[in-house]
Every structure is written in C-alpha cells, then in structure tokens.
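Chemist: Residue numbers (this note's numbering), protein chains in the order written: chain A, 18 to 348; chain B, 15 to 337. A virtual CB, placed ideally from N, CA and C, is assigned to each residue, including glycine.
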C-alpha cells in the first residue's frame, strides 16, 4: 500500500515558517541585493556593484568603529567571563542567602538597557555623577569619563609619568604611520568607551553567573571528594577539576558574550554624545555606525546594508571558529 | 572562616550590582535644585532658608546681605517665585536641613510626555507577540517533534541557522521590506515579524520529545485528532516550558529598543523604551525626572522578576544547557 502524502505537518509548520522566511530569510537575501545598488528611503537607484565595499575599505570612520567594537569585545568578554566564574564559584559554595545573592546579581539582566543607560550616563556625569562623588570623597581628582576622549593606556601611563604622546609622536616619525592612527591603536579605548565597557560588563554579569552556576551544579561531587582524599586544595581542585569540566559552559558563555558584545547599540545611542559616538568618535561602534549611515542624515540604506553584511561575516566566522575550537577542546 | 570570606566578597559585589538602582531611586525623589547644587549623595537631604512673615513660612533664596537686612527671593509652596528682591530682616531668616522626598517627580515625569500611552502600547505589543510566539511555536514544535514528513530535518536546521543571524544584520533590509509593505509606523511592524521565535520552537521541541509514545497511542485510541492531542495532552504536560518561553518572549519584547526605534515614528504607537529614549533627550538636564522615569519603566519587569524569580532564573539558566 502506498502511503498517502500527508500535508498536515506542513500546515503546522506554516505559520512559523512563513514569518521566518518573510522576516528573516528574505531580508538577508535582500541585504545582498540592496548593498549592490544605490538605495535610499525613496527606493532603489542605479546598480553600483561593489562600490559600497570599496568605499568602506577607505572609510576611516568604518575602521574606527570596527576598532572600537574590537576594544569592547576584548575588554568585556574575558572580564565578564572571569568575574562570572568567580561569582558562580562563591555562590556555589554557600548555603544561606544563595538565592538572594543570585537574584541581586540577576536584576540588571532583566532591566532594560535604555533605562540602565540613562542611569549610568548620570552616574558618570562629571559634575553631578556618583562616580566622581566617590572619587572626590576618597581624595582623588574627578575624571572625565564619558566626556574623555583620551585612551586609557595613555591616561594611565601619563599618570605614572610617562610621556605617552611624545612616544607616539616619535613612533609616527619612524614608521610614517599617522599620529592619529597610532594613537587610536596604542592609546587603548578612550575613557568614554571604557565607561561603556564597565556598563556592558555590569549588565551581562548576572546572566553569565547564572549559566556558570548551572554548569557547576552539574559537576558530580565525587570528583571533589576524590580530590579531597588525595589532599588537593581548593585552588588546585578548581584548576584540575572545575576548569576542565566547565569548559562546555565556558565555550557557550564565550560565544554568547562575544556575539552580543559585537551588537552593542543602545548604550552607545543613549550614553554618549551629543553627537552620538563622541567624544571624537571614540565610542562609535559598528552597529551604531550602520544605524547612522542607514537612518541618519545621509540615509544611505545600501551602504548600511554592506556594513551589516560585513558585521555578519565577522560574527559568522567567529562562531564557526569557536565551534571548531570547541570540538578540539571538549572531549 | 572561609564562609565569611565568601559572604563578604559576595556582599561587596552585590552592593556594586545594586548601587546604580539604589541611587536611581534616591535621586528620583530629590528636588532638581538640590541635584544642581551638587547634593550627589544618597540621602535626599535639602538645605534651604525660610522666612517667616505673619505666621506663614516661605521658602526663600538669599541674594545679598546688607547690614541687618537681606535681599531675598520669596517662593510659594509650588516653588514659584512670588516676590523678588525683597528686603527682609536677617533675624527672620532660618536655615533648614531636612530630608524631603519629592514623590511629585514621578507624576511630573509621567505626564510630561504621554508615558501612559507608551505603557499601553508596550503591553499590547508584548502580549500579542508572546501569544504569537506560543501559538506558532507550539504548532511547529509539535510537527518537528512528533510527526514524520519529508524535509523535516532540513526545515529544522534551516530554522536553527536563521536563529544565528543577529538583529542588526537584517534591520536595514527589514526596513526596506516593511516600507514596501506600507507597515512603517504601524503596530504590525512591531508585532508580526516577532510572532515566531526559533529558540521557543527549539525549547518546545525538546520538551515534546520527552512525552512517552504510550500517551500518544492512548490519545489516538480515545479518538483524539492531532490538534486535539496537542491541546489536551501535549500542552498541559509542557506548562513549565511554555512559561519559560512566555517569560523570555515578554522580557525580550518589553525591552526591545532598536527595532521599534527604527520602525516607528509617531508618538501614538511609540513603545516605552523608545519613549524613554526621547524623554532622556528632552529632559536631559532634569536628572531627578529622568531617574523617576527610569524607575517606573523598569518597575513592571522588576516586580515580575521578584514574583517569579525562581522560574525566571531557571529559564535563563536552561538557555545555556545543551539540548
């Protein structure tokens, strides 16, 4: 007997599939098309081929946004990972008040980035902010925070008496690379971007801690009991047992935090400027850059699409790379 | 001994995590005058001078002292200046230092822009989105988990691969698409594209697969059709995963910012996060109002979190476990 074709399963999938195809797949295909045409709010114009990508490679603003985004990722991801693993270990070791502390760490995760950004912008305010209030009460000088465009390495080295700018100047003379480029790369993220880094870590810490805590609770206690008998201390136990057995979680946290940090937008939009991305463009990240190109004054949807595709390429290759490494490390 | 170290470190870090919220609340009940004067600390203390005349006490600001008398501005209860450059006897002026909570900041912030409308819009969008996510997710997950059909695995992996695409990537072409559909600045632009969630389909599929075959056989013998089986058997057994999906969907929808910022423009359909963002530009100098607005916009989710913290934290934790 030949089986009759059953259409019902497809009808069950249809509503979800329709939405995913129309609002995910088609836009992704569309973004390739848009990036090859002149395209503004009024619709498509001439076919321009790869011109947008050529412009992008020569666009200093693009490279600065990319560098700022990398700074964010490089500072946020490892810090968040280490801090959340430490918190999770402490949380795992206590009995009383465990759920209380867990909840406290978690509150920033459920609150909106918009409200949080507004609050932190005022916290970092030079005159009426909380951070400078603490600094002054502790006897330090107030700092510029979101208004400070100087790099944090520069600020730190200048503070301990190194003339960083003169060093960059002579380096620029030797290498014939422009002073600004060298300063951007070697000066580190501006203090303004550093403030954004702090907020981004603070916001994501609770989520990562919870993920790690769940991972730690999955490690069978027998390993620790055996190590205890062998006389291994807590620190040794952590590096010999926990670190290895938690590695799948570490990979998950690493991947998620990296992908999310590449897409930072709200805190830049709300905390920096005017103009957004300031001071001196040192907080402009890639997603804000594409938002600004697409919906700002120039309204260049096609250039913005090209930027979005480059971002997609970066995130995709990082995901694939991490998947690959995961297979190698995880046994 | 070791325990104490744990608790001390956890407490200090916990304090750092909540200080922004505490400061937000304490600043939200300060008067703007105090904030501008540089009263940055946590206590909403007010220092001011009063002047007594015919048994009534007025708030004043000192201008200049001249011999026994002082030139002052005199204010009424609403802090509106009623008399300027009055010359009064210095002995009638008293210095005050009091804790005063300005709860009226909340009302001021709430009515300065139509926050009520923003709240209603956000509730409408979030509820409809969650309903859509649950309906489309249950149907699709049911087919993926229970039914056999050609192309099932291909379709499932296609869905999963779409999940990996980050929002900023399809934001611009989505705008082009919605613009073409004439959906820009409408509710459906905020709801329809989000009415299917791939992660929810994934979660529900995992759950549906755990239901033993015998139960499906029994349902079939009882004469239940497929839709009836889903409704009467599968969904009741999956309440906690459904709650997880609903919580995720609701929090995500409530907090989403970039999408509504791009897709809508008119205040009539503006959602809370976008409204708050515009408000922060409009009232950028009025710290205490901004703090009040931030407080009441995060309040609903914080209350939801406090009520259902176990479920919410378990939901988020489950998102990290491999399926």
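CA-CA distance, residue 27(B) and residue 42(A)?
Modeler: As a position in the second chain, residue 27(B) is number 13, starting the count at 1. As a position in the first chain, residue 42(A) is number 25, starting the count at 1. C-alpha separation (whole angstroms): 43 Å.
Chemist: Quick check: what's the CA-CA separation for residue 66(A) versus residue 36(A)?
Modeler: Translated into positions along the first chain, residue 66(A) becomes position 49. Translated into positions along the first chain, residue 36(A) becomes position 19. Rounded to whole angstroms, residue 66(A) to residue 36(A) spans 30 Å at the Cα level.
Chemist: Interface residues of chain A around residue 312(B) at Cβ under 7 Å?
Modeler: Numbered from its first residue, the second chain carries residue 312(B) at position 298. By Cβ distance, chain A contributes 128, 129, 132.
Chemist: Identify whether residue 337(B) lies in helix, strand or coil by the three-state DSSP scheme.
Modeler: Position 323 of the second chain, counted from the start, is the residue given in the question as residue 337(B). Note that residue 337(B) has pLDDT 35, beneath the 50 cutoff, so the model's placement of it is unreliable and the number below is only indicative. Three-state result, residue 337(B): coil.
Chemist: Please name the residue, chosen from 182(A), 207(A), 206(A), that lies closest to residue 195(A) on a Cα-to-Cα basis.
Modeler: Here residue 195(A) is taken as the residue at index 178 of the first chain, counted from 1. Ranking 182(A), 207(A), 206(A) by Cα distance to residue 195(A) puts 182(A) first.
Chemist: So, with DSSP's three-state summary, where would you put residue 64(A)?
Modeler: As a first step, residue 64(A) is located in the first chain; it is residue number 47 there, counting from the start. Looking at residue 64(A) - three-state DSSP - the assignment turns out to be strand.
Chemist: In whole angstroms, give me the CA-to-CA distance for residue 318(A) and residue 325(A).
Modeler: On the first chain, residue 318(A) is found 301 positions in, with the first residue counted as 1. On the first chain, residue 325(A) is found 308 positions in, with the first residue counted as 1. Spanning the two alpha carbons is a distance of roughly 10 Å.
Chemist: Taking the alpha carbon of residue 100(A) as the reference point, which residue from 78(B), 24(B), 248(B), 142(B) has its own alpha carbon closest?
Modeler: Taking the first residue of the first chain as position 1, residue 100(A) is located at position 83. Answer by Cα proximity: 24(B).
Chemist: Of all the alpha helix (DSSP H) runs that stay within the bounds of the region 249 to 321 of chain B, which reach a length of 4 or more residues?
Modeler: The qualifying runs are 253 to 269, 272 to 277, 286 to 296, 301 to 321.
Chemist: Would you say residue 41(A) lies against chain B (beta-carbon separation less than 7 Å)?
Modeler: Position 24 of the first chain, counting from 1, holds the residue named residue 41(A). It does: the Cβ of residue 41(A) has a partner Cβ on chain B nearer than 7 Å.
Chemist: If you drop the 5 nearest sequence neighbours on each side, which residues of the same chain put their C-beta closer than 6 Å to that of residue 208(B)?
Modeler: The residue labelled residue 208(B) in the question sits at position 194 within the second chain. These residues qualify, in order along the chain: 143.
Chemist: What does a CB cutoff of less than 6 Å around residue 236(A) pick up in its chain, not counting 5 residues either side in sequence?
Modeler: Stepping through the first chain from its first residue, residue 236(A) is reached at position 219. So the qualifying residues of the chain are 262.
Chemist: Quick check: what's the CA-CA separation for residue 168(B) versus residue 79(A)?
Modeler: Your numbering for residue 168(B) matches position 154 in the second chain. Your numbering for residue 79(A) matches position 62 in the first chain. Roughly 37 Å between the two C-alpha positions.
Chemist: According to the Cβ coordinates, are residue 229(A) and residue 102(A) closer than 7 Å?
Modeler: The sequence position of residue 229(A) within the first chain is 212, counting from 1. The sequence position of residue 102(A) within the first chain is 85, counting from 1. It is a contact, given that the beta carbons lie within the stated cut-off.
Chemist: Following the continuous beta strand (DSSP E) through residue 57(A), name the residue where it begins and the one where it ends.
Modeler: Stepping through the first chain from its first residue, residue 57(A) is reached at position 40. Run containing residue 57(A): 54 to 57, per the beta strand (DSSP E) assignment.
Chemist: Counting C-beta neighbours from all protein chains within 10 Å, is the total for residue 297(B) 16 or more, i.e. buried, or is it exposed?
Modeler: Reading the second chain from its first residue, position 283 is the one you call residue 297(B). With 16 or more other Cβ atoms within 10 Å, it is buried.
Chemist: Could you list the residues in the region 233 to 250 of chain A with a C-beta less than 7 Å from some C-beta on chain B, going in chain order?
Modeler: The residues in question: there are none.
Chemist: For the alpha helix (DSSP H) holding residue 84(B), just list the boundary residues, first then last.
Modeler: Your numbering for residue 84(B) matches position 70 in the second chain. Segment 83 to 89 is the beta strand (DSSP E) holding residue 84(B); no alpha helix (DSSP H) there.
Chemist: Please determine, among 47(B), 58(B), 52(B), 21(B), the residue with the shortest C-alpha to C-alpha distance to residue 39(B).
Modeler: Working through the second chain from its first residue, we reach residue 39(B) at position 25. Checked all of 47(B), 58(B), 52(B), 21(B); the closest Cα to residue 39(B) is 58(B).
Chemist: If you measure from the beta carbon of residue 348(A) to each beta carbon in chain B, is any gap under 7 Å?
Modeler: Here residue 348(A) refers to the residue found at position 331 when the first chain is read from its first residue. Reliability fails at residue 348(A), whose pLDDT of 45 lies under 50, so the model's placement of it is uncertain and the value that follows must be treated cautiously. For residue 348(A), the answer is no, since every Cβ of chain B falls outside 7 Å of its Cβ.
Chemist: Do the CB positions of residue 151(B) and residue 218(B) come within less than 7 Å of each other?
Modeler: Looking up residue 151(B) in the second chain gives position 137. Looking up residue 218(B) in the second chain gives position 204. Against a cut-off of 7 Å, the Cβ pair of residue 218(B) and residue 151(B) comes out as a contact.
Chemist: In the structure shown, what three-state DSSP assignment does residue 234(B) receive?
Modeler: On the second chain, position 220 is the one that residue 234(B) refers to. Residue state, collapsed to three classes: helix.
Chemist: Rounding to the nearest angstrom, what Cα-Cα distance links residue 337(B) and residue 145(B) in this structure?
Modeler: On the second chain, position 323 is the one that residue 337(B) refers to. On the second chain, position 131 is the one that residue 145(B) refers to. Since pLDDT at residue 337(B) reaches only 35, below the 50 mark, its modelled position is unreliable, and the value read off the structure follows with that caveat. The straight-line gap from Cα to Cα measures roughly 24 Å.
Chemist: In chain order, what residues of the same chain have a beta carbon less than 8 Å from the beta carbon of residue 172(A), not counting five sequence neighbours either side?
Modeler: As a first step, residue 172(A) is located in the first chain; it is residue number 155 there, counting from the start. Only 165, 208 meet the Cβ criterion.
Chemist: Would you list, in chain order, the members of the region 134 to 145 of chain A that have their beta-carbon closer than 9 Å to a beta-carbon of chain B?
Modeler: Correct list: 134, 135, 136, 137, 138, 139, 140, 142, 144, 145.
Chemist: Please confirm if the region 201 to 216 of chain B is in contact with the region 270 to 287 of chain B, defined as three or more CB-CB distances below 8 Å between the two stretches.
Modeler: With a cut-off of 8 Å, the region 270 to 287 of chain B and the region 201 to 216 of chain B count as touching, because enough Cβ pairs lie within range.
Chemist: Enumerate, from N- to C-terminal direction, the unbroken beta strand (DSSP E) stretches of 3 or more residues contained entirely within the region 64 to 144 of chain B.
Modeler: Taking only runs of at least 3 residues, the beta strand (DSSP E) segments lying wholly in the region 64 to 144 of chain B are 70 to 80, 83 to 89, 95 to 103, 107 to 113.
Chemist: Taking the Cβ atom as the reference point for each residue, do residue 299(A) and residue 90(A) lie within a distance shorter than 7 Å?
Modeler: Along the first chain, one-based indexing puts residue 299(A) at 282. Along the first chain, one-based indexing puts residue 90(A) at 73. The answer is no: Cβ separation not under 7 Å.
Chemist: Please tell me whether residue 231(A) has its Cβ less than 7 Å away from any Cβ of chain B.
Modeler: Here the question's residue 231(A) lines up with position 214 in the first chain. Yes, because at least one Cβ of chain B sits closer than 7 Å to the Cβ of residue 231(A).
Chemist: If residue 319(B) sits next to residue 127(A), beta carbons under 8 Å apart, how far is it from one beta carbon to the other, in whole angstroms?
Modeler: To locate residue 319(B), count along the second chain from 1; it is residue 305. To locate residue 127(A), count along the first chain from 1; it is residue 110. Yes, they are in contact, since the Cβ atoms of residue 319(B) and residue 127(A) sit about 5 Å apart, within 8 Å.
Chemist: Which residues in chain A have a C-beta closer than 7 Å to the C-beta of residue 27(B)? List them in chain order.
Modeler: Counted from its first residue, the second chain places residue 27(B) at position 13. Per Cβ cutoff of 7 Å: 104.
Chemist: Relative to the C-alpha of residue 321(B), which residue among 106(A), 124(A), 238(A) is closest?
Modeler: For the purposes of this step, residue 321(B) is taken as residue 307 along the second chain, with counting starting at 1. Nearest of 106(A), 124(A), 238(A) to residue 321(B), Cα basis: 124(A).
Chemist: Determine the chain B residues that contact residue 108(A) at a beta-carbon separation under 8 Å, and present them in chain order.
Modeler: Here residue 108(A) corresponds to residue number 91 of the first chain, with the count starting at 1. Under the 8 Å cutoff, chain B gives 24.
Chemist: Taking the beta carbon of residue 173(B) as the centre, do at least 16 other beta carbons fall within 10 Å, making it buried, or is it exposed?
Modeler: Walking along the second chain from the start, residue 173(B) turns up at place 159. So residue 173(B) ends up on the buried side.
Chemist: Taking the alpha-carbon positions, what's the residue 241(B) to residue 260(B) distance?
Modeler: By one-based count along the second chain, residue 241(B) stands at place 227. By one-based count along the second chain, residue 260(B) stands at place 246. About 21 Å.
Chemist: Could you tell me which chain A residues have their CB closer than 9 Å to the CB of residue 273(B), listed as they occur along the chain?
Modeler: Within the second chain, residue 273(B) is the residue found at index 259, counting from 1. Residues of chain A passing the Cβ test: none, with the nearest at roughly 11 Å.
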